Amino acid sequence: MDAKTASVAINLDGLLVGSGSDSWVLSTMKEHGAALVNMLWRILGREEDVCDAYQDTFLQLANCGEKLKPINAKAYIFKTASNTAISIIRRRQMDERFKKNLAVDIALKSGEEVENDFDAGQVREELRKYMAELPEMLRDVLVMHDLGGMQYEQVAGILGLTSGTVRVYRFKAVQLLALWMGKKNE
Amino acid sequence: MNNKISRCRRLRERLSDFAAKYAGWEAKWVQDHVAQCPRCQKRFGAIGKVELGLSLLRTEPHGLDLLAKANTKAVGVLKHSLRNSVPAESLRIARVEPGRLEVLAKYGRSVLGTAACFAILILLKVGIFSAMDNIEQQGEKAIAQYYSEHTGQDIS
């Protein structure tokens with residue numbers, strides 16, 4: 000390790016979390032990590048984004064410390080991961096909007112036609128984009144049930160709702176998405 | 000109290016069954032209406048597209064080492080003692096374990112083939128033997144009838 004790398008490592012170590020016994024963070028990671036990665040993958044669809052959101056989630060969990068450890072760690076990490084993923088999608092959308100505008104400008108200047116093919120990848124990206132715009136409660140229900148693979152009862156337990164309400168919220172979320180996607184295609 | 004709750008649940012189940020039967024997608028009048036109404040067709044089409052998109056998201060596969068990558072990155076920001084612990088080491092090489100159904104899926108085709116062969120054999124065996132029995136019985140009846148008729152004529 001050269002002097003420069005060593006100093007970076009020392010600076011990073013200053014930011015490293017954890018005091019006392021934080022082994023519960025690792026056990027939570029072991030227990031729910033696979034399901035969380037699956038959910039993040041479905042929301043984000045990019046490996047580097049999944050790793051970032053996963054890291055942020057466990058960093059926040061570790062920051063709670065032993066004393067402020069959440070009662071329901073699963074609920075905490077899924078909710079945190081979902082919020083982090085949505086923030087990443089929003090940031091990504093801003094970048095893409097900028098790039099798209101740039102591409103359209105260039106295409107218009109060079110007289111080329113802008114392609115607008117319909118494919119599965121496009122539907123997925125569209126859905127991800129609109130999901131980020133859903134009201135928080137509807138989005139949480141849709142993400143946890145449809146992308147996190149949780150039962151209605153589990154989602155209800157995490158969000159503190161009844162399973163009937165969760166079903167209604169899920170239907171409302173689908174209706175809204177259908178409306179927005181329909182409008183876009185008109 | 001429990002009795003009251005179970006009665007309430009039963010009633011709710013009946014109500015939802017009733018609603019599904021007479022006002023759900025399965026109901027004939029709903030299907031007839033949708034077949035003729037362009038607005039409803041559009042709405043159902045849009046909802047179908049969302050459901051399709053969600054299933055596309057669910058079925059999109061990720062790399063087998065994604066869990067290991069994510070764990071490595073997350074463990075990397077924890078404190079030194081945790082980073083170097085045995086559980087952390089196992090997390091760094093963790094892979095997504097396929098479910099039992101997915102594991103069995105690769106044997107699915109051969110199991111299905113064998114089951115189909117057995118089914119065909121059983122059907123053949125049962126079918127052939129019962130057909131043979133039928134033919135034998137019918138033949139015996141025909142011969143008995145023929146002889147009874149002819150012997151009757153000879154005697155008469």
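Protein chains in written order, with numbering that gives the first Met the number 0: chain A, 0 to 185; chain B, 0 to 155.
All C-beta atoms, glycine included, are put in the ideal place defined by N, C-alpha and C.
Here the structure is a predicted model, which means the values were calculated and not measured.
Measuring alpha carbon to alpha carbon, tell me which residue in the options is nearest residue i.
i: N70 of chain B; options: A:K128, A:T27, A:V154; result: A:T27
i: L146 of chain A; options: B:L51, B:S84, B:R38; result: B:L51
i: R94 of chain B; options: B:V85, B:L65, B:N83; result: B:L65
i: L63 of chain B; options: A:V36, A:G64, A:R89, A:L58; result: A:V36
i: V85 of chain B; options: A:Y168, A:M149, A:L25, A:K182; result: A:L25
i: S136 of chain A; options: A:R96, A:R89, A:Y168; result: The amino acid occupying residue 136 of chain A in the given sequence is Met; Ser does not appear at that position. Residue A:Y168 is the option with its Cα nearest to M136 of chain A.
i: V49 of chain A; options: B:H61, B:Y146, B:R57, B:R6; result: B:H61
i: E59 of chain B; options: A:A119, A:K66, A:R89; result: A:A119
i: L160 of chain A; options: A:V140, A:R96, A:M149; result: A:V140
With 16 other CB atoms within 10 Å as the buried threshold, where does residue i fall?
i: M130 of chain A; result: buried
i: V113 of chain A; result: Note that V113 of chain A has pLDDT 48, beneath the 50 cutoff, so the model's placement of it is unreliable and the number below is only indicative. With fewer than 16 Cβ atoms within 10 Å of its Cβ, V113 of chain A is classed as exposed.
i: W28 of chain B; result: exposed
i: A143 of chain B; result: exposed
i: R38 of chain B; result: exposed
i: D16 of chain B; result: exposed
i: C36 of chain B; result: exposed
i: R138 of chain A; result: buried
i: I157 of chain A; result: buried
i: M131 of chain B; result: exposed
i: Y145 of chain B; result: exposed
i: Y21 of chain B; result: exposed
i: L53 of chain B; result: buried
With a cut-off of 8 Å on the beta carbons, I'd call residue i and residue j a contact; round off their distance for me.
i: I42 of chain A; j: V142 of chain A; result: 6 Å
i: A177 of chain A; j: K68 of chain B; result: 35 Å between Cβ atoms; not a contact.
i: L58 of chain A; j: V76 of chain B; result: 5 Å
i: L120 of chain B; j: R123 of chain A; result: Between R123 of chain A and L120 of chain B the Cβ distance is about 46 Å, and since that is not below 8 Å, they are no contact.
i: I181 of chain A; j: K41 of chain B; result: Checking the sequence shown, residue 181 of chain A turns out to be Gly, not Ile. Right, their Cβ atoms sit about 7 Å apart.
For residue i, I'd like the list of residues in its chain whose CB is within less than 7 Å of its CB, leaving aside the five on either flank, ordered along the chain.
i: A52 of chain A; result: L39, L43, A80, T83, A84, I87
i: Q136 of chain B; result: none
i: K68 of chain A; result: W23
i: A87 of chain B; result: V74, L81
i: S162 of chain A; result: Y151, E152, A155
i: A19 of chain B; result: E25
i: F43 of chain B; result: V33
Do you know offhand how far residue i's Cα is from residue j's?
i: L175 of chain A; j: Q121 of chain A; result: 18 Å
i: V33 of chain B; j: K171 of chain A; result: 20 Å
i: F77 of chain A; j: S80 of chain B; result: 26 Å
i: E47 of chain A; j: A45 of chain B; result: 31 Å
i: R91 of chain B; j: H144 of chain A; result: 28 Å
i: D55 of chain A; j: Y75 of chain A; result: 12 Å
i: E25 of chain B; j: N62 of chain A; result: 51 Å
i: L126 of chain A; j: D21 of chain A; result: 37 Å
i: V165 of chain A; j: P134 of chain A; result: 14 Å
i: R11 of chain B; j: I70 of chain A; result: 33 Å
i: R89 of chain A; j: N100 of chain A; result: 17 Å
i: K3 of chain B; j: R45 of chain A; result: 50 Å
i: R96 of chain A; j: D31 of chain B; result: 43 Å
i: G112 of chain B; j: A118 of chain B; result: 10 Å
i: R172 of chain B; j: K98 of chain A; result: Outside the displayed span of chain B (0 to 155) sits residue 172 of chain B, for which this structure offers no information.
i: S149 of chain B; j: N133 of chain B; result: Position check: residue 149 of chain B holds His in this sequence, whereas Ser was assumed. One C-alpha to the other measures close to 24 Å.
i: A34 of chain A; j: S89 of chain B; result: 17 Å
i: C7 of chain B; j: G23 of chain B; result: 22 Å
i: C116 of chain B; j: G148 of chain A; result: 36 Å
i: G64 of chain A; j: N83 of chain B; result: 19 Å
Who are the Cβ neighbours of residue i in its own chain at under 8 Å, not counting the five residues just before and after it?
i: A72 of chain A; result: W23, T27, H31, L60
i: Q92 of chain A; result: K128, A131
i: K29 of chain A; result: none
i: W179 of chain A; result: Y129, E132
Going by beta carbon distance, what residues of the same chain come within less than 6 Å of residue i, once the five residues before and after it are set aside?
i: S147 of chain B; result: none
i: D1 of chain A; result: For D1 of chain A, the predicted model reports a pLDDT of 45, less than 50, meaning its position is unreliable; a value from the coordinates is still stated below. Closer than 6 Å at Cβ, skipping near neighbours: no residue.
Which residues, in order along the stretch 33 to 67 of chain A, keep a beta-carbon less than 7 Å from a beta-carbon of chain E?
Considering every chain present, this structure includes no chain E. Its protein chains are A and B.
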